[in-house]
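J.: Following this message is one structure expressed as structure tokens.
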Amino acid sequence: MTGDRMYPEEPAGPFDPPPLSFVDRDDRTIEIRPYPPDAEGEAGEAEFEALVEMYTAFDPADRAQGIPPSREADVRSWLETILGGEGYNVVAWDGDAVAGHATLVEDGEAYELAIFVLQKYQGSGIGTHLMKALLGHGAANGVEHVWLTVERWNRAAVGLYKKVGFETSDAESFELEMTAQLAKPE
Amino acid sequence: MKVLLGVGGSEDSLRALEDTVERARAAGDDLTVAVVENPRSERTPEEVEERVRAVLGDAGIDADVRRVDGDAGSQIVDIAEDEGFDMIALGGGETSPMGKINLGSIAQFVLLNSHVSVKLVR
């Protein structure tokens, strides 16, 4: 994953930044909030623990390219890395429980994206809302270029990425690499 | 065991070098190191060969070290099959800033084409 990436000319978005809420297809009220809630603030311990709980409950069959890690200690250190660096995170909440998490991790001038939705919340439209909220949150903070890799057999994920404006930039590997250029916020 | 290690200079290939040399020392493997061209690596073949010889020297292992020109994946598979190797050892991929494992292009080719067992070092 080195070298110059190609980004689509057609920008993705603009998308509304969080916080926002919606009712999912299973009638659950889901709130999407940035993590931490504001740029200077810190998220509370309860919120961090709720994230750990989601990832330790995560179905190992839904892991992709080694993440999320399976052991709780590894989940904690992985979360500390991706939440603690120069990046942007949004979390989908069902009350006090985490339904999903999406993250942009700094990679030089660009950001690497990943999204995780807990199994019992999959297929109810949360992934699409979470993606749009993350891209809206990133764009509001000056993020322009985003990339990701996805296993090419993961059609649901590839479909979601295309829907919000990602295009394939490298199809020569086991994993597809996709990129997006974010529209300036309105 | 007769082991062929391919090293192109990426970080994961250098980890595979350390690990495979240590394993060869412990198990008494008959090790051959192929220094291959990896267009994605910033290290020159000369630098890679120097590193290989240093690691072998530190471990006190006498291994055949070869420079292999041309397409790395196909050359490694050819050498392993033509010369009766039992195993190919390669770097097992780099991790992205997110922590995702991304397998290198040489490893991908070797995995899909080799009739000799392949070990990816993590």
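Protein chains in written order, with numbering that gives the first Met the number 0: chain A, 0 to 185; chain B, 0 to 121. Ideal Cβ positions, reconstructed from N, Cα and C, are used throughout, including at glycine.
Cα-Cα, which of A:182, A:98, A:107 is closest to residue 121 of chain A?
T.: Against the first sequence, residue 121 of chain A aligns to sequence position 122. Looking at the Cα atoms, A:98 is the closest of the given residues.
J.: Quick one: which chain A residues come within Cβ less than 8 Å of residue 101 of chain B?
T.: Taking the first residue of the second sequence as position 1, residue 101 of chain B is located at position 102. Within chain A, the residues near residue 101 of chain B are 0, 64, 148, 172, 174.
J.: Report the three-state DSSP secondary structure of residue 146 of chain A (helix, strand or coil).
T.: On the first sequence, residue 146 of chain A is found 147 positions in, with the first residue counted as 1. In the structure shown, residue 146 of chain A sits in a strand (DSSP, three-state: E or B).
J.: For residue 18 of chain B, which of B:38, B:64, B:55 has the nearest alpha-carbon?
T.: Indexing the second sequence from 1 puts residue 18 of chain B at position 19. Per the Cα distances, B:55.
J.: Where residue 81 of chain A and residue 56 of chain A are concerned, what is the direct C-alpha to C-alpha distance, given to the nearest angstrom?
T.: Taking the first residue of the first sequence as position 1, residue 81 of chain A is located at position 82. Taking the first residue of the first sequence as position 1, residue 56 of chain A is located at position 57. Spanning the two alpha carbons is a distance of roughly 19 Å.
J.: In chain order, what residues of the same chain lie with their CB nearer than 6 Å to the CB of residue 4 of chain B, ignoring the 5 residues before and after it?
T.: As a first step, residue 4 of chain B must be located in the second sequence, where it is residue number 5. For residue 4 of chain B, where only same-chain residues beyond five positions count, the Cβ hits under 6 Å are 19, 32, 88.
J.: So, does the CB of residue 73 of chain B fall closer than 9 Å to a CB anywhere in chain A?
T.: Position 74 of the second sequence, counting from 1, holds the residue named residue 73 of chain B. No - not a single Cβ of chain A is within 9 Å of the one on residue 73 of chain B.
J.: Measuring straight from C-alpha to C-alpha, what distance separates residue 12 of chain B and residue 47 of chain B?
T.: Looking up residue 12 of chain B in the second sequence gives position 13. Looking up residue 47 of chain B in the second sequence gives position 48. Roughly 10 Å between the two C-alpha positions.
J.: Do we get a CB-CB distance below 9 Å when we pair residue 122 of chain A with the residues of chain B?
T.: Along the first sequence, read from residue 1 onward, the residue named residue 122 of chain A stands at position 123. Cβ-Cβ to chain B under 9 Å: no for residue 122 of chain A.
J.: How many angstroms separate the CA atom of residue 85 of chain B from the CA atom of residue 78 of chain B?
T.: Position 86 of the second sequence, counted from the start, is the residue given in the question as residue 85 of chain B. Position 79 of the second sequence, counted from the start, is the residue given in the question as residue 78 of chain B. The straight-line gap from Cα to Cα measures roughly 11 Å.
J.: Would you identify the three-state DSSP class for residue 112 of chain B, choosing helix, strand or coil?
T.: Position 113 of the second sequence, counted from the first residue, corresponds to residue 112 of chain B. DSSP places residue 112 of chain B in helix when its eight states are reduced to three.
J.: Taking the CB atoms as reference points, tell me whether residue 89 of chain A and residue 117 of chain A lie closer together than 9 Å.
T.: The residue given as residue 89 of chain A occupies position 90 in the first sequence. The residue given as residue 117 of chain A occupies position 118 in the first sequence. In this structure, residue 117 of chain A does not lie closer than 9 Å to residue 89 of chain A by Cβ.
J.: Do the segment 146-160 of chain A and the segment 19-35 of chain A meet, that is, are 3 or more Cβ pairs less than 8 Å apart?
T.: Output reads no: the segment 19-35 of chain A does not touch the segment 146-160 of chain A.
J.: Taking a Cβ distance cut-off of 7 Å, strictly less, list which residues of the segment 91-119 of chain B are near chain A, in chain order.
T.: Per Cβ criterion, the list reads 93, 95, 96, 97, 98, 99, 100, 101, 102, 104, 107.
J.: Does the segment 45-54 of chain A come within contact of the segment 153-173 of chain A, defined as at least 3 CB pairs closer than 8 Å?
T.: Because the criterion of three Cβ pairs below 8 Å is not met, the segment 45-54 of chain A and the segment 153-173 of chain A do not touch.
J.: Any idea if residue 9 of chain B is buried or exposed, counting beta-carbon neighbours within 10 angstroms, 16 or more meaning buried?
T.: Position 10 of the second sequence holds residue 9 of chain B. By the neighbour-count rule (16 or more Cβ atoms within 10 Å), residue 9 of chain B is buried.
J.: Flag this pair as touching only if the segment 93-108 of chain A and the segment 128-145 of chain A have three or more C-beta atom pairs under 8 Å; answer yes or no.
T.: Yes, the segment 93-108 of chain A is in contact with the segment 128-145 of chain A.
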